[in-house]
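Participant:
Numbering (the numbering used here), first residue to last: 1160 to 1721.
(1) Counting only the same chain and skipping the five closest in sequence on each side, list residues whose C-beta sits under 8 angstroms from that of residue 1787.
(2) Check whether the region 1524-1539 and the region 1503-1512 touch, using three or more Cβ-Cβ pairs below 8 angstroms as the test.
(3) Rounded to whole angstroms, what's the CA-CA distance from residue 1605 to residue 1466? Just pull it up for me.
(4) Please list, in chain order, all residues of the same chain as residue 1379 whose beta carbon is under 6 angstroms from its beta carbon, the five residues on each side excluded.
(5) Between residue 1576 and residue 1566, which are expected to be in contact by the criterion C-beta below 8 angstroms, what is the C-beta distance as a whole number of angstroms?
(6) Sort 1680, 1472 and 1650 by Cα distance to residue 1666 and report the nearest one.
(7) Report all residues from its chain with a CB closer than 8 angstroms to the CB of residue 1541; omit the five preceding and five following residues, and keep chain order.
(8) Pick from 1208, 1313, 1585 and 1309: whose alpha carbon is nearest that of residue 1300?
(9) On a Cα-Cα basis, can you pick out the residue from 1387, 1359 and 1316 that is closest to residue 1291?
(10) Which residues does DSSP pair with residue 1532 in a beta bridge?
(11) So, at 6 angstroms on beta carbons, what are the nonlocal neighbours of residue 1789 in its own chain, with the 5 sequence-adjacent residues on each side left out?
(12) From which residue to which residue does the beta strand (DSSP E) around residue 1323 run?
(13) Below 8 angstroms CB to CB, which residues in the same chain sit around residue 1489 once its five sequence neighbours on both sides are set aside?
(14) Take residue 1458 and list the residues in its own chain whose beta-carbon comes closer than 8 angstroms to its own, dropping the five residues that flank it on each side.
(15) What is the rounded straight-line gap between the Cα of residue 1238 and the Cα of residue 1255?
(16) Can you look up residue 1211 in the DSSP assignment and give me helix, strand or coil?
(17) Quick check on residue 1599: does DSSP put it in helix, strand or coil?
(18) Sorted by chain position, which residues of the same chain lie with C-beta nearer than 6 angstroms to residue 1523's C-beta, five sequence neighbours on each side aside?
(19) According to DSSP, is residue 1524 helix, strand or coil?
(20) Please classify residue 1305 as buried or exposed, where buried requires at least 16 neighbouring CB atoms within 10 angstroms.
(21) Leaving out the 5 sequence neighbours to the left and right, which residues in its chain are closer than 7 angstroms to residue 1311 when beta-carbon positions are compared?
(22) Does DSSP put residue 1553 in a helix, a strand or coil?
(23) With burial defined as no fewer than 16 other Cβ atoms inside 10 Å of the residue's Cβ, what is the status of residue 1549: buried or exposed?
(24) On the criterion of 16 or more Cβ atoms from any shown chain inside 10 Å, does residue 1582 qualify as buried, or is it exposed?
(25) I need the straight-line Cα distance from residue 1297 to residue 1365, nearest angstrom please.
(26) Confirm, please, whether the CB-CB distance from residue 1450 to residue 1386 is below 8 angstroms.
(27) From residue 1652 to residue 1599, what distance separates their C-alpha atoms?
(28) For residue 1276, count neighbouring Cβ atoms within 10 angstroms of its own Cβ and tell me buried if that reaches 16, exposed if not.
(29) Just the Cα atoms here: how many angstroms apart are residue 1281 and residue 1293?
(30) At which residues does the alpha helix (DSSP H) containing residue 1229 begin and terminate?
(31) Just to confirm the assignment, what range does the beta strand (DSSP E) spanning residue 1577 have?
(32) By the DSSP assignment, the beta strand (DSSP E) with residue 1388 in it spans what residues?
(33) Taking C-alpha atoms, which residue in 1563, 1594 and 1657 lies nearest to residue 1573?
(34) Is residue 1597 buried or exposed, if buried means 16 or more other CB atoms sit within 10 Å of its CB?
(35) Expressed to the nearest angstrom, what Euclidean distance is found between the alpha-carbon atoms of residue 1274 and residue 1313?
Right, here's the structure in full:
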């Protein structure tokens, strides 16, 4: 502690009082130690100058020398630093507060190692703007591009600072036939994006702080997309009747849709809108029940069930269809020559989405489902008939978006005639007939986004026992899509029981989920947590052995001895 006071403040204390005071202090400390009292807390408060008093004729330089001597600081003022003090006495101040009081607004100081250098404002400004102080530093970027980093760092640079970046990588992703175009980026650098900053040291430190905040691993969204095609009949020509499915589901003990006056509703499905034949809603769980209910009233075809991992704000697409090739012609104006080339019209079902991850567990998604068909006319010009929807929605992590109302009509002409008689001239038309058969289908899209914070959640390192689980977990009587959806239902119930502390009920649901979907990573981890909490690690190993023995016993009848 720095303490400065005049000689008149010194007091003479008799030696006998000091001796008795020392004895009392030792006795008190011994008593506290005997009763096992807590250790006194260490004083982490900054050094306080109890009193700093100067004479009337003290100047700034003399006060700095006095302060440095008493506090054991190496204060080095420049020759231009001078002036008078605006005070005579300071009490209970820190070293920094004393320096500010002495220098006032006319000077500044900077710590350089063990030295504290004091400058006038003009000297300090000139020192800071000295071009010889500038340094460079190389930064390697891992997640953002050098061009984006440069935009973000320009406000941080000084007027004389510069940033240079490496050549941008090729971002065009070849698709279709262009994948064999040979443009593999041979002229682009293979190293990570790199920037070189040349500026003053304090600016370089700010650049370092900014890059630590912005060059971070982006989060990803795992999209589970299910695209269904439901064949419509005369009873369902206007689309799937979800009111009817409500009663059908309840009759089978599956309550997944509440009551509504329009399309979907708010128990299993909520926030439903329907405009111009299109419908959209949200399903919280039991998607397998939705599919089963549709199967009860219509023939359902699973067109696609992909899982797409998309980085935040990046586009993901799914396309199932046919490309119709046609010949297009271009007129050259100079000599009126015609050049032709083959182009393609994409028909079928296409789904495009772009996720935006929020910090509250919600995902904003741009979704664009499109279902189209086309044919070529006699002049080789294609016609396209499409039903598409463009929407921007908010969906919670793990919630399912249900999109319906995308209709497609297929007309098939059937011609019939009586043999021989139908080929007669003039009267043959009496013995011929034609009828058009119309097949109407509704395309239903189910989207379930999952926020992926850790890449380990998507890899296969935790699935080393998948082969053993598949040996006894597959159910031949169920389709793959049904098994997956039912497994998710069991897992959701298991999580609910686990949160309520019902470990036995949670274990039953987890086992059901794993029998339906043996590679269900989340269910595997939940089962391991339940077993570890309930029985310990030894029971977890024992469970694995029992499952392996059960698999062997189930497959034993099919083994053949040779």
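Where a beta carbon is used, it is the ideal one built from N, C-alpha and C, also for glycine.
Remember, predicted model here, so these are calculated numbers, not experimental data.
Facilitator: Taking the coordinates as given:
(1) Residue 1787 cannot be examined here, being either before or after the span of the chain that is shown, 1160 to 1721.
(2) yes
(3) 12 angstroms
(4) 1468, 1470 and 1611
(5) That pair is no contact at about 33 angstroms.
(6) 1650
(7) 1483, 1485, 1504, 1533, 1534 and 1535
(8) 1309
(9) When only C-alpha atoms are compared, the closest one is 1359.
(10) 1544
(11) Because residue 1789 is not part of the residues shown, which for the chain are 1160 to 1721, the question remains open.
(12) 1321-1324
(13) 1497, 1498, 1499 and 1500
(14) Closer than 8 angstroms at the Cβ level, and outside the excluded window around residue 1458, lie 1389 and 1390.
(15) One C-alpha to the other measures close to 21 angstroms.
(16) strand
(17) strand
(18) 1515 and 1553
(19) strand
(20) Around the beta-carbon of residue 1305, 16 or more other beta-carbon atoms lie within 10 Å, marking it buried.
(21) Contacts found: 1369 and 1373.
(22) In the structure shown, residue 1553 falls within a strand segment according to DSSP collapsed to helix, strand and coil.
(23) exposed
(24) exposed
(25) 14 angstroms
(26) no
(27) 37 angstroms
(28) Per the 10 Å Cβ criterion, buried.
(29) 19 angstroms
(30) 1219-1230
(31) That residue, residue 1577, is in no beta strand (DSSP E); it is neither H nor E in DSSP.
(32) 1379-1391
(33) For residue 1573, the nearest C-alpha among the options comes from 1594.
(34) exposed
(35) If I take the Cα positions, the gap works out to 33 angstroms.
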